[in-house]
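Residue 867 is where the sequence shown starts when you use the numbering used here, and the numbers rise one by one after that.
Just so you know, even glycine gets a beta-carbon here, dropped at the ideal spot from N, CA and C.
Note that the structure is a prediction, hence the values are computed from the model and not measured.
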Amino acid sequence: MEYKIVIKRFNQQENFFYEESFIVQGKKDKTVADALNELNNREILLNEQGKEAELISWECSCNQKKCGACAMLINGRPKLACSSFLVKVADKENTIHLAPLKSFELVKDLKVNRSVIQEGIKRIISKEGLSDKYYVREDMHDLRYQASRCLTCGCCLEVCPIYQKDHSFLGAIKYIVYLKMNLEVPNELSENMEKQCLDEYYNKCIGCKRCNEICPISLRVKMQVLLK
Ligand code: SF4
Ligand code: SF4
Ligand code: FES
């Protein structure tokens, strides 16, 4: 099967966005990540018109839906490239549109800077002063494990209306970090943390559930089930 991959790229010298398309062949188990790797590994990368193209910038690490690095817009929806099969995401013309996540600073092509997530998580941890009070409640290992699965891929922030306002609300990620920390501290600290979570997550979240629908590992859905 032949697919057309259309990539939104940015010309840094002349400061404008443009689209460049590439043709790839793919069987039913080929993912968007496989296609991008294959394109970048060609001896000479030619675009659909046969012109030599620059290598495509994007991020990939585990290639197993475990790190979140490959999050991007695939036909306008935030998804992981390594778990998006060409056959499933292509439109009727066998075309797939790729673009960088819009809610983060663009580095190049499909690569964005998501340090706002790591910095936000660091702020929560240092605010709670947990470094010398680390503690794991043994009865909560399973829930803690679920919380640890968050990839910090940013797909949920891409669709969160509150994050879009000023990029200060970490949405589902904030909830997951609080939940995880809450399971790791003694009860007296846990109460304080619940208050923080109320102020910084529950009182700001409008409950639209867009983060539930988009999470590539259905994390929040599972967390809610576990919390009932
Ligand atoms: S909650 Fe889901 S969508 Fe949000 S960062 Fe974690 S893994 Fe990604
Ligand atoms: S439910 Fe809606 S507002 Fe709340 S964190 Fe998720 S996307 Fe954001
Ligand atoms: S490369 Fe790690 S989730 Fe896709």
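Contacts around residue 903, its chain only, beta-carbon distance under 8 Å, and the 5 residues preceding and following it disregarded: Answer for residue 903: 926, listed in chain order.
Quick one: does residue 973 have its CB under 8 Å from some CB of chain C? The structure shown contains no chain C; it holds only a single protein chain.
How many Å lie between residue 1082 and residue 971 at the Cα? Answer to the nearest angstrom: the Cα atoms are 21 Å apart.
Return yes when the C-beta of residue 1025 is under 7 Å from any heavy atom of ligand 2, and no when it is not. Yes, the Cβ of residue 1025 comes within 7 Å of a heavy atom of ligand 2.
Between the CA atoms of residue 941 and residue 956 - distance to the nearest angstrom: About 8 Å.
On the premise that residue 1028 lies in contact with residue 1037, defined as a C-beta separation below 8 Å, what is that separation, rounded to the nearest angstrom? With a Cβ gap of about 7 Å, residue 1037 and residue 1028 count as contacting.
Alpha carbon to alpha carbon, what distance is there between residue 874 and residue 1016? Approximately 27 Å, taken between the alpha carbons.
Do residue 952 and residue 964 count as a contact pair if the criterion is CB distance below 8 Å? No.
Span of the alpha helix (DSSP H), counted from its first residue to its last, around residue 1076: Where residue 1076 is concerned, the enclosing alpha helix (DSSP H) stretches over 1076–1080.
Taking the DSSP output, what are the residues bridged to residue 943? Paired residues: 940.
Return the residue from the list 900, 882 and 921 that minimises the CA-CA distance to residue 909. Of the candidates 900, 882 and 921, the one whose C-alpha sits nearest the C-alpha of residue 909 is 921.
With hydrogens ignored, establish whether the beta-carbon of residue 1063 is closer than 7 Å to any heavy atom of ligand 4. As for ligand 4, it is missing from this structure, which binds only ligand 1, ligand 2 and ligand 3.
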